[in-house]
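Number of protein chains: 2
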Amino acid sequence: MTGTGNKGVHENQALNERARIVLQSIIENYIEFSEPVGSRTLSKSIEFKLSPATIRNIMSDLAESGFLIQTHTSAGRVPTDKAYRFYVNSLSEPTTVPDQIKQKFSPVSNGRGSQVEHILAETVHLLADLTKFACVVSTPKAEVSRLQRIELIKISEDRILVILVTKAGVVRDKIIFVKESHSQEFLNSVTAFLNEEFKNHSMQEIRDGIHQSIVSDRHRYHDLLAHAVRLGKKAFDLNQPGEMFIEGQMNLLLDSHFHEQSSVRSLIDAFDQKTALLKILDESMKHKGVHIFIGIENDYKQLQRCSLITASYRNKKNVLGSIGVVGPTSMNYKHIISTVDYTAKLLSKTISEQSYD
Amino acid sequence: MTGTGNKGVHENQALNERARIVLQSIIENYIEFSEPVGSRTLSKSIEFKLSPATIRNIMSDLAESGFLIQTHTSAGRVPTDKAYRFYVNSLSEPTTVPDQIKQKFSPVSNGRGSQVEHILAETVHLLADLTKFACVVSTPKAEVSRLQRIELIKISEDRILVILVTKAGVVRDKIIFVKESHSQEFLNSVTAFLNEEFKNHSMQEIRDGIHQSIVSDRHRYHDLLAHAVRLGKKAFDLNQPGEMFIEGQMNLLLDSHFHEQSSVRSLIDAFDQKTALLKILDESMKHKGVHIFIGIENDYKQLQRCSLITASYRNKKNVLGSIGVVGPTSMNYKHIISTVDYTAKLLSKTISEQSYD
DNA sequence: TATTAGCACTCGTTAATGAATAGTGCTAAT
DNA sequence: ATTAGCACTATTCATTAACGAGTGCTAATA
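See below:
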């Protein structure tokens, strides 16, 4: 006894076997029915045959330890974020998804020769359909991918259209402004030079190395050089904010857990501005496998009534971006985690086949 | 008297002055407060000083003519789609939008050198913010725009990446499959040929004329010819389904007019599948100026509890796509119509400046 | 003849009431 | 250590009654 007054359950201490089972039972029941669960109902459904009174004692302890809360005196108990975290940690690896779900993906993964953006859009659309929650996917970061080809196209005296094709199969375009006018022929020379020099290098490498690389080749390029440096610098300096596709936002507003005015507004704001979601997806790119943010575990107030399940996707050589599902903290974690895991892996596979190396 | 039993108001007949004012008053009141309006409240707010009893008679007539309905016996009257149509028709040209709204657009319209897609995304985002409804914009149809440049990039033995740049500033890419492998050098020749031959022609023209044009030049191109025809056909045959950006869908679900379960579901479906919205935007491209679909006036059941305000946008030479706002039939038409009108014109101006001719 | 006052009537909203229900916490018995 | 029993609390649900907003009709009025 540490003097906190708890009988069998302490803060920051492993729960005993029975408490674990009770807690898990409560969580699963709440996930299924979205209603506070009481000792009576629990004593029926639990495998361990315990009387309501005993369960009440356990529940009381769990409440004291912060795993459960009551909405009011005579209501059942509802799991807290801490409880969901316990529950998720206790889950084993993602279960395999049923064949009928796998079949839904087959048109996406078989669509050879599609643009990456198209694959992403289809995937997130399907994911939203399967989960009935809001789903997001970030487009591949150009930075991490390697160069397949660059094109410079003159579109006016002071504007050049830059088109970058990455090995991952992503086409990015931007317009750069120049002070002096260049002929298309001249641009073709620069293009040829840049392609020869930088094909298969990552954008990051190119940006870091563009100066010295060109300098070392000085003998081969004469007046081309100065311009190539300048154009190349501009062309490869694409710190675009990163894009994402969102689907199924409206599903969230239908969910009973978001029927309160206040939480709805902040949710809408979050999906409106997108920055919070993008940051979370970016963060998730650093980890392997499925990443889970439960309620307050993510840093963005607007989303702290939600749980986010994310997973990164990649081609053969690089992590490119990530996908995510946003739902209520009482989501069916088993189902969602498995689905996200499967989707991310399949997406990785599909995109790897599309990649140009 | 035609024997229908109506006193002063007939189906398919112009309303008399007084009935018009009463109807307009009811509509504007309902637009403002979203609640059935009764004879009492109306007799206070109306400029014509009439007693509630008189107004009741007029309202009764209007109800008989299909302009008003009652939700139940002792409730006030609510305008029908027919009433909104009358109201909208009676509006004069779009009013000018306030300066403070114009200022919000200035960062968008001043962002020179942005990709067209980016401009569209910003615009629809802002429109959603201004209207607090769901807003859509269709991306420029490649078909109607003229060719600025085409690039063919070899990415594997049997795949070629086609990049089309249109005069409108849109970059489109797709992958085509070929049976025989071509060297990049060979593709460069084909590219040069296609660019020389078809620059400034519309995709439609190119597709129609590609065969004869090449045949007539037979003397200049030898074995290139057969391949160029084949590749060109594939490259320019882009019947992509057309894309769109959507913003502010969630706003709709907050609106009190969509709180019934049934209508919510069909709304979500409509935004999920997008086809209905795309068709409506396509349709709107054929008309000049603002186009208004009130309730049942559009052909898609899922959207028949909404009104849609659309307007096409264009560059100097062609209509490219259109924008639209989706809201309840009781939206503030004056405000929305003006805003859509202004937005479309500004978008046209901005994109014209971006265009490459 | 057009307008209005007056009145009976309908229906929805609201508040109050009470019974039923689902839950808890505590205590004493097992 | 477990459980039965009991007092207690809060929500939900159905019932009721009062109220209000609104209509339609009729008769009086300008």
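Here the protein sequences line up with chains A and B, keeping their order.
Under this note's numbering, residue 357 is the last one in the first sequence; the count climbs by one each step, no gaps.
Under this note's numbering, residue 1357 is the last one in the second sequence; the count climbs by one each step, no gaps.
Beta carbons are placed, not taken as given, at the ideal position from N, Cα and C, and that holds for glycine.
Quick one: Cα of residue i to Cα of residue j, how far?
{"i": "T1310/B", "j": "S189/A", "result": "46 Å"}
{"i": "I1055/B", "j": "P1036/B", "result": "15 Å"}
{"i": "D1299/B", "j": "K1345/B", "result": "26 Å"}
{"i": "I31/A", "j": "E1117/B", "result": "41 Å"}
{"i": "S1338/B", "j": "G1324/B", "result": "12 Å"}
{"i": "L1023/B", "j": "L1042/B", "result": "10 Å"}
{"i": "L386/A", "j": "I101/A", "result": "As displayed, chain A neither begins before 1 nor continues past 357, which places residue 386/A out of reach and without an answer."}
{"i": "V1326/B", "j": "N1332/B", "result": "12 Å"}
{"i": "L1147/B", "j": "T1329/B", "result": "41 Å"}
{"i": "H1182/B", "j": "H1227/B", "result": "10 Å"}
{"i": "L252/A", "j": "S266/A", "result": "12 Å"}
{"i": "R314/A", "j": "S352/A", "result": "7 Å"}
{"i": "S34/A", "j": "R40/A", "result": "17 Å"}
{"i": "D208/A", "j": "Q240/A", "result": "17 Å"}
{"i": "Y356/A", "j": "E1196/B", "result": "28 Å"}
{"i": "M203/A", "j": "S145/A", "result": "7 Å"}
{"i": "I1160/B", "j": "K167/A", "result": "13 Å"}
{"i": "D1237/B", "j": "T191/A", "result": "27 Å"}
{"i": "V229/A", "j": "S156/A", "result": "20 Å"}
{"i": "D1158/B", "j": "K1179/B", "result": "6 Å"}
{"i": "Q115/A", "j": "S322/A", "result": "17 Å"}
{"i": "K1316/B", "j": "N89/A", "result": "60 Å"}
{"i": "T1350/B", "j": "Q1103/B", "result": "15 Å"}
{"i": "F177/A", "j": "F198/A", "result": "22 Å"}
{"i": "Q273/A", "j": "E1247/B", "result": "11 Å"}
{"i": "G1169/B", "j": "V1319/B", "result": "14 Å"}
Just to check my reading of the structure: residue i and residue j have Cβ atoms closer than 8 Å, yes? What is that Cβ distance to the nearest angstrom?
{"i": "H287/A", "j": "S312/A", "result": "7 Å"}
{"i": "A1134/B", "j": "A1128/B", "result": "7 Å"}
{"i": "D173/A", "j": "V1171/B", "result": "4 Å"}
{"i": "G242/A", "j": "S92/A", "result": "Actually they do not touch by this definition, with Cβ atoms about 34 Å apart."}
{"i": "V1136/B", "j": "F1258/B", "result": "About 17 Å; that fails the 8 Å criterion."}
{"i": "S65/A", "j": "I46/A", "result": "Going by Cβ atoms, the distance from S65/A to I46/A rounds to 19 Å, so no, they are not a contact pair."}
{"i": "D81/A", "j": "I296/A", "result": "6 Å"}
{"i": "S1307/B", "j": "Y1084/B", "result": "7 Å"}
{"i": "F1105/B", "j": "M250/A", "result": "The pair is not a contact, with the Cβ atoms about 27 Å apart (cut-off 8 Å)."}
{"i": "S164/A", "j": "L187/A", "result": "The amino acid occupying residue 164/A in the given sequence is Leu; Ser does not appear at that position. With 8 Å as the limit, L164/A and L187/A do not qualify as a contact, their Cβ atoms being about 15 Å apart."}
I'd like to confirm the pairing. Which residues does DSSP put opposite residue i in its beta bridges?
{"i": "R314/A", "result": "V319/A"}
{"i": "I1150/B", "result": "L1164/B"}
{"i": "R1305/B", "result": "Bridge partners of R1305/B: none, in fact."}
{"i": "H1291/B", "result": "T1310/B"}
{"i": "V941/B", "result": "Lying outside 1001 to 1357, the shown extent of chain B, residue 941/B is not represented and no answer is given."}
{"i": "E1247/B", "result": "C1135/B"}
{"i": "G327/A", "result": "S307/A"}
{"i": "V1171/B", "result": "V1165/B"}
{"i": "L267/A", "result": "DSSP, once it has assigned bridges, lists no residue as partnering L267/A."}
{"i": "F177/A", "result": "R159/A"}
{"i": "Q1070/B", "result": "R1077/B"}
Please compile the residues from chain A whose C-beta is within a distance smaller than 8 Å of the C-beta of residue i.
{"i": "V1171/B", "result": "L161, I163, V171 and D173"}
{"i": "L1115/B", "result": "Sequence check: residue 1115/B is Gln here, not Leu. Within chain A, the residues near Q1115/B are D173, K174 and I175."}
Along chain B, in chain order, which residues have C-beta atoms closer than 8 Å to that of residue i?
{"i": "S156/A", "result": "Y1356"}
{"i": "I268/A", "result": "M1250, N1251 and L1254"}
How would you list, in chain order, the residues of chain B whose beta-carbon sits under 7 Å from the beta-carbon of residue i?
{"i": "Q249/A", "result": "Q1249 and M1250"}
{"i": "R149/A", "result": "I1153"}
Going along chain A in order, which residues have a C-beta closer than 7 Å to the C-beta of residue i?
{"i": "F1271/B", "result": "M250"}
Give the interface partners of residue i over in chain A, defined as CB-CB distance under 9 Å, in chain order.
{"i": "V1264/B", "result": "M250, L253 and L254"}
Just to check, is the beta-carbon of residue i closer than 7 Å to a non-hydrogen atom of the ligand ZN?
{"i": "L1320/B", "result": "The model on display carries no ligand, and the ligand ZN is accordingly not part of it."}
Q. Are the segment 1298 to 1316 of chain B and the segment 1277 to 1285 of chain B touching, with three or more C-beta to C-beta distances below 8 Å?
A. yes
Q.
With three or more C-beta pairs closer than 8 Å as the rule, is the segment 97 to 114 of chain A touching the segment 35 to 53 of chain A?
A. no
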